[in-house]
Amino acid sequence: MLISDLFWEASLEDLKKGYVEEHHHFVCLLCGNIIEKGIIYPENDVLYEAEKYMTLHIGRDHCSVFEYLIGLNKKLTGLTDHQNRLLRLFYEGKSDEEIKQEMEVSSTSTIRNHRFVLKEKERQAKMLLTMMELLKEKDQHAPPMIAPHQTATMIDDRYNVTKEEKEKMVKKFFIEGTTALKAFPSKEKQKLVVLREITSLFSSDTTYTEKDVNEILKTVYHDYVTLRRYMIAYGFLDRKADGSSYWLKK
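Numbering (the UniProt record's numbering), first residue to last: 1 to 250.
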(Lines of atoms letter the chains of each structure in order from A and count residues from 1; the text may use other names and numbers.)
(Lines give C-alpha, C1' and ligand atoms only; values in the text may rest on other atoms or scores of the structure.)
Protein backbone atom coordinates (compact mmCIF):
# COMPACT_ATOMS: atom_id res chain seq x y z
CA MET A 1 0.00 0.00 0.00
CA LEU A 2 1.28 3.48 -0.88
CA ILE A 3 2.29 5.63 2.09
CA SER A 4 -0.36 8.21 1.08
CA ASP A 5 -3.04 5.50 1.36
CA LEU A 6 -1.75 4.46 4.79
CA PHE A 7 -1.72 8.09 5.87
CA TRP A 8 -5.30 8.85 4.84
CA GLU A 9 -6.70 5.56 6.13
CA ALA A 10 -4.99 5.83 9.53
CA SER A 11 -7.02 6.39 12.67
CA LEU A 12 -6.84 9.70 14.50
CA GLU A 13 -4.77 8.06 17.26
CA ASP A 14 -2.27 6.67 14.75
CA LEU A 15 -2.05 10.02 12.97
CA LYS A 16 -1.26 11.71 16.29
CA LYS A 17 1.54 9.19 16.88
CA GLY A 18 2.73 9.46 13.28
CA TYR A 19 3.04 5.72 12.70
CA VAL A 20 1.03 2.52 12.43
CA GLU A 21 1.78 -0.92 13.79
CA GLU A 22 1.68 -3.85 11.40
CA HIS A 23 2.35 -7.52 12.06
CA HIS A 24 6.14 -7.50 11.76
CA HIS A 25 6.99 -3.80 11.81
CA PHE A 26 6.02 -0.19 12.43
CA VAL A 27 5.51 2.16 9.48
CA CYS A 28 6.08 5.92 9.64
CA LEU A 29 2.98 7.61 8.21
CA LEU A 30 5.01 10.70 7.36
CA CYS A 31 7.67 9.15 5.12
CA GLY A 32 7.10 5.40 4.90
CA ASN A 33 10.16 4.44 6.95
CA ILE A 34 9.84 0.87 8.29
CA ILE A 35 11.17 -0.25 11.68
CA GLU A 36 11.25 -4.02 12.08
CA LYS A 37 10.03 -5.57 15.32
CA GLY A 38 12.27 -7.90 17.27
CA ILE A 39 15.42 -5.86 16.63
CA ILE A 40 17.30 -3.64 19.07
CA TYR A 41 18.42 -0.36 17.52
CA PRO A 42 21.51 1.50 18.83
CA GLU A 43 21.56 5.30 18.81
CA ASN A 44 24.12 7.47 20.62
CA ASP A 45 25.12 4.61 22.97
CA VAL A 46 21.48 3.91 23.85
CA LEU A 47 19.60 0.77 22.79
CA TYR A 48 15.98 1.15 21.65
CA GLU A 49 13.25 -1.39 20.97
CA ALA A 50 11.39 -0.96 17.68
CA GLU A 51 8.45 1.24 18.72
CA LYS A 52 10.61 3.58 20.79
CA TYR A 53 13.04 3.82 17.89
CA MET A 54 10.16 4.82 15.61
CA THR A 55 9.28 7.73 17.92
CA LEU A 56 12.97 8.68 17.87
CA HIS A 57 12.92 8.63 14.06
CA ILE A 58 9.89 10.93 13.94
CA GLY A 59 11.50 13.45 16.29
CA ARG A 60 14.84 13.33 14.49
CA ASP A 61 13.62 13.35 10.88
CA HIS A 62 10.33 15.25 11.16
CA CYS A 63 10.75 17.34 14.36
CA SER A 64 7.22 16.29 15.41
CA VAL A 65 3.95 15.10 13.92
CA PHE A 66 2.56 18.58 14.47
CA GLU A 67 5.43 20.20 12.56
CA TYR A 68 4.90 17.80 9.67
CA LEU A 69 1.14 18.30 9.49
CA ILE A 70 1.26 22.09 9.83
CA GLY A 71 3.69 22.17 6.91
CA LEU A 72 1.30 20.41 4.52
CA ASN A 73 -0.43 22.18 1.66
CA LYS A 74 -3.29 24.35 2.95
CA LYS A 75 -5.66 22.54 0.58
CA LEU A 76 -4.98 19.46 2.73
CA THR A 77 -5.21 21.14 6.14
CA GLY A 78 -8.02 23.58 5.35
CA LEU A 79 -6.12 26.32 7.20
CA THR A 80 -5.53 29.84 6.03
CA ASP A 81 -1.97 31.20 6.22
CA HIS A 82 -3.07 33.30 9.21
CA GLN A 83 -4.53 30.29 11.05
CA ASN A 84 -1.44 28.26 10.25
CA ARG A 85 0.79 30.90 11.84
CA LEU A 86 -1.44 31.14 14.91
CA LEU A 87 -1.41 27.38 15.43
CA ARG A 88 2.38 27.35 15.22
CA LEU A 89 2.58 30.02 17.91
CA PHE A 90 0.03 28.26 20.13
CA TYR A 91 2.00 25.02 19.76
CA GLU A 92 5.17 26.81 20.81
CA GLY A 93 3.41 27.61 24.10
CA LYS A 94 3.35 31.38 23.64
CA SER A 95 0.91 33.45 25.64
CA ASP A 96 -1.76 35.61 24.03
CA GLU A 97 0.25 38.69 25.01
CA GLU A 98 3.39 37.33 23.31
CA ILE A 99 1.39 36.39 20.20
CA LYS A 100 -0.22 39.83 20.12
CA GLN A 101 3.20 41.44 20.02
CA GLU A 102 4.64 39.00 17.49
CA MET A 103 1.68 39.36 15.12
CA GLU A 104 1.38 43.09 15.76
CA VAL A 105 -2.33 43.09 16.57
CA SER A 106 -4.08 45.66 18.74
CA SER A 107 -5.22 43.53 21.70
CA THR A 108 -5.19 40.07 23.24
CA SER A 109 -8.96 39.88 22.69
CA THR A 110 -8.16 39.54 18.97
CA ILE A 111 -6.08 36.46 19.77
CA ARG A 112 -8.90 35.05 21.94
CA ASN A 113 -11.25 35.57 19.01
CA HIS A 114 -8.94 33.51 16.80
CA ARG A 115 -8.83 30.79 19.44
CA PHE A 116 -12.64 30.72 19.45
CA VAL A 117 -12.78 30.42 15.64
CA LEU A 118 -10.27 27.53 15.69
CA LYS A 119 -12.22 25.73 18.43
CA GLU A 120 -15.37 26.14 16.35
CA LYS A 121 -13.51 24.69 13.37
CA GLU A 122 -12.44 21.76 15.57
CA ARG A 123 -16.04 21.08 16.64
CA GLN A 124 -17.22 21.20 13.03
CA ALA A 125 -14.41 18.85 11.96
CA LYS A 126 -15.41 16.35 14.67
CA MET A 127 -19.03 16.44 13.51
CA LEU A 128 -18.05 15.93 9.87
CA LEU A 129 -15.61 13.14 10.76
CA THR A 130 -18.28 11.35 12.81
CA MET A 131 -20.89 11.69 10.06
CA MET A 132 -18.45 10.44 7.42
CA GLU A 133 -17.61 7.42 9.58
CA LEU A 134 -21.32 6.66 9.98
CA LEU A 135 -21.84 7.19 6.26
CA LYS A 136 -19.30 4.48 5.45
CA GLU A 137 -21.62 1.97 7.10
CA LYS A 138 -24.55 2.94 4.84
CA ASP A 139 -23.19 4.22 1.54
CA GLN A 140 -22.53 1.15 -0.56
CA HIS A 141 -22.17 3.10 -3.80
CA ALA A 142 -19.20 5.35 -3.06
CA PRO A 143 -16.27 4.20 -5.21
CA PRO A 144 -12.82 4.06 -3.56
CA MET A 145 -10.79 7.08 -4.68
CA ILE A 146 -7.04 7.54 -4.92
CA ALA A 147 -5.71 9.65 -2.05
CA PRO A 148 -3.65 12.78 -2.66
CA HIS A 149 -0.01 12.43 -1.67
CA GLN A 150 0.89 14.57 1.31
CA THR A 151 3.51 16.53 -0.62
CA ALA A 152 1.14 17.48 -3.46
CA THR A 153 1.74 21.00 -4.72
CA MET A 154 -1.89 21.45 -5.80
CA ILE A 155 -5.08 19.66 -4.81
CA ASP A 156 -7.78 19.87 -7.43
CA ASP A 157 -10.01 17.89 -9.79
CA ARG A 158 -7.13 15.81 -11.10
CA TYR A 159 -7.42 13.75 -7.89
CA ASN A 160 -11.01 12.85 -8.75
CA VAL A 161 -9.95 9.38 -9.88
CA THR A 162 -11.35 6.09 -8.59
CA LYS A 163 -9.03 3.19 -7.86
CA GLU A 164 -10.68 1.28 -10.72
CA GLU A 165 -9.93 4.14 -13.13
CA LYS A 166 -6.38 4.26 -11.83
CA GLU A 167 -5.83 0.57 -12.59
CA LYS A 168 -7.13 1.06 -16.13
CA MET A 169 -4.76 3.98 -16.64
CA VAL A 170 -1.80 1.94 -15.38
CA LYS A 171 -2.64 -0.84 -17.84
CA LYS A 172 -3.08 1.68 -20.64
CA PHE A 173 0.21 3.53 -20.24
CA PHE A 174 2.67 0.99 -18.80
CA ILE A 175 4.04 -2.07 -20.56
CA GLU A 176 2.52 -4.97 -18.66
CA GLY A 177 4.61 -6.17 -15.73
CA THR A 178 7.09 -3.30 -15.99
CA THR A 179 7.48 0.37 -15.05
CA ALA A 180 8.28 1.26 -18.68
CA LEU A 181 5.85 3.64 -20.37
CA LYS A 182 4.26 3.08 -23.74
CA ALA A 183 3.61 6.84 -23.90
CA PHE A 184 3.45 9.77 -21.52
CA PRO A 185 -0.17 10.93 -21.12
CA SER A 186 -1.37 14.41 -22.02
CA LYS A 187 -4.31 14.58 -19.57
CA GLU A 188 -3.55 15.84 -16.07
CA LYS A 189 -5.37 13.03 -14.22
CA GLN A 190 -3.47 10.44 -16.22
CA LYS A 191 -0.16 12.21 -15.58
CA LEU A 192 -0.84 12.12 -11.85
CA VAL A 193 -1.51 8.38 -11.87
CA VAL A 194 1.58 7.65 -13.99
CA LEU A 195 3.85 9.81 -11.83
CA ARG A 196 2.56 8.13 -8.65
CA GLU A 197 3.58 4.76 -10.08
CA ILE A 198 7.04 6.03 -11.00
CA THR A 199 7.73 7.12 -7.38
CA SER A 200 8.05 3.41 -6.48
CA LEU A 201 11.45 3.47 -8.22
CA PHE A 202 12.83 5.93 -5.66
CA SER A 203 13.76 5.31 -2.03
CA SER A 204 12.64 7.76 0.64
CA ASP A 205 15.96 7.55 2.50
CA THR A 206 18.26 8.13 -0.49
CA THR A 207 19.65 11.35 -1.95
CA TYR A 208 20.21 11.22 -5.69
CA THR A 209 22.35 13.17 -8.12
CA GLU A 210 20.70 14.49 -11.27
CA LYS A 211 22.51 11.74 -13.18
CA ASP A 212 21.05 9.11 -10.82
CA VAL A 213 17.54 10.47 -11.37
CA ASN A 214 18.04 10.54 -15.13
CA GLU A 215 19.27 6.94 -15.18
CA ILE A 216 16.21 5.78 -13.23
CA LEU A 217 13.79 7.72 -15.41
CA LYS A 218 15.45 6.51 -18.62
CA THR A 219 14.21 3.03 -17.75
CA VAL A 220 10.68 4.45 -17.74
CA TYR A 221 10.59 6.71 -20.79
CA HIS A 222 12.97 8.13 -23.39
CA ASP A 223 12.01 11.73 -22.53
CA TYR A 224 13.38 11.51 -18.99
CA VAL A 225 13.75 15.31 -18.77
CA THR A 226 9.98 15.76 -19.08
CA LEU A 227 9.39 13.07 -16.44
CA ARG A 228 11.87 14.72 -14.07
CA ARG A 229 10.22 18.12 -14.52
CA TYR A 230 6.75 16.75 -13.79
CA MET A 231 7.97 14.70 -10.80
CA ILE A 232 9.11 17.99 -9.26
CA ALA A 233 6.11 20.05 -10.39
CA TYR A 234 3.65 17.56 -8.89
CA GLY A 235 5.51 17.38 -5.57
CA PHE A 236 6.90 13.85 -5.80
CA LEU A 237 10.56 14.84 -6.02
CA ASP A 238 12.40 17.81 -4.57
CA ARG A 239 15.87 19.15 -5.33
CA LYS A 240 18.44 21.73 -4.34
CA ALA A 241 18.26 25.01 -6.24
CA ASP A 242 21.48 24.21 -8.12
CA GLY A 243 20.21 20.75 -9.11
CA SER A 244 23.09 19.01 -7.33
CA SER A 245 20.85 16.63 -5.37
CA TYR A 246 17.35 15.22 -5.54
CA TRP A 247 15.20 13.27 -3.10
CA LEU A 248 11.73 11.80 -2.72
CA LYS A 249 9.61 14.35 -0.89
CA LYS A 250 8.35 13.28 2.52
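For each residue, glycine too, the CB sits at the ideal point set by N, CA and C.
- About 11 Å separates the beta carbon of residue 227 from that of residue 234, a gap too long to meet the 8 Å contact definition.
- Within the model, the alpha-carbon separation for residue 149 versus residue 181 is close to 21 Å.
- The beta-carbon distance between residue 19 and residue 58, rounded to whole angstroms, is 7 Å. This is short enough to meet the 8 Å contact definition.
- When C-beta atoms of the segment 107–123 are compared with those of the segment 75–90, three or more pairs fall below 8 Å, so the two segments count as touching.
- Contact annotation, residue 161 with residue 197: C-beta distance approximately 13 Å; criterion of less than 8 Å not satisfied.
- Close CB contacts of residue 163 within its chain, under the 8 Å cut and outside five residues either way in sequence, are with 143, 144, 145 and 146 (chain order).
- Pairing residue 131 with residue 21, the inter-Cα distance amounts to about 26 Å.
- Under the DSSP assignment, residue 43 falls in the beta strand (DSSP E) whose first and last residues are 41–43.
- Within the segment 177–243, the beta strand (DSSP E) runs of at least 3 residues that lie entirely inside it are, in chain order, 237–239.
- If you draw a 10 Å sphere on the C-beta of residue 35, you find 16 or more other C-beta atoms in it, and that means buried.
- In the same chain as residue 241, and ignoring 5 residues on each side of it, no C-beta atom comes closer than 7 Å to its own.
- Within the same chain, no residue comes within 8 Å of residue 229 by CB-CB distance, once the 5 residues on both sides are set aside.
- For residue 27, the three-state secondary structure derived from DSSP is strand.
- Close CB contacts of residue 246 within its chain, under the 6 Å cut and outside five residues either way in sequence, are with 208, 213, 237 and 239 (chain order).
- The three-state secondary structure of residue 248, taken from DSSP, is strand.
- In chain order, 53 and 56 place their CB closer than 8 Å to the CB of residue 43, counting only its own chain and leaving out the 5 sequence neighbours on each side.
- By the criterion of a C-beta distance shorter than 6 Å, residue 157 is surrounded by no residue of its chain, once the five residues flanking it on both sides are discounted.
- The residue from 187, 194, 107 and 29 with its alpha-carbon nearest to that of residue 13 is 29.
- By the Cβ-count criterion, residue 23 is exposed, with fewer than 16 other Cβ atoms from all chains shown falling within 10 Å of its own Cβ.
- The Cβ atoms of residue 89 and residue 99 lie closer than 8 Å to each other.
- Per DSSP, residue 21 is one residue of the beta strand (DSSP E) stretching across 19–21.
- Per DSSP, residue 170 is one residue of the alpha helix (DSSP H) stretching across 163–173.
- Runs of the alpha helix (DSSP H) lying entirely within the segment 44–83 and spanning at least 4 residues, in chain order: 50–62, 65–70 and 74–77.
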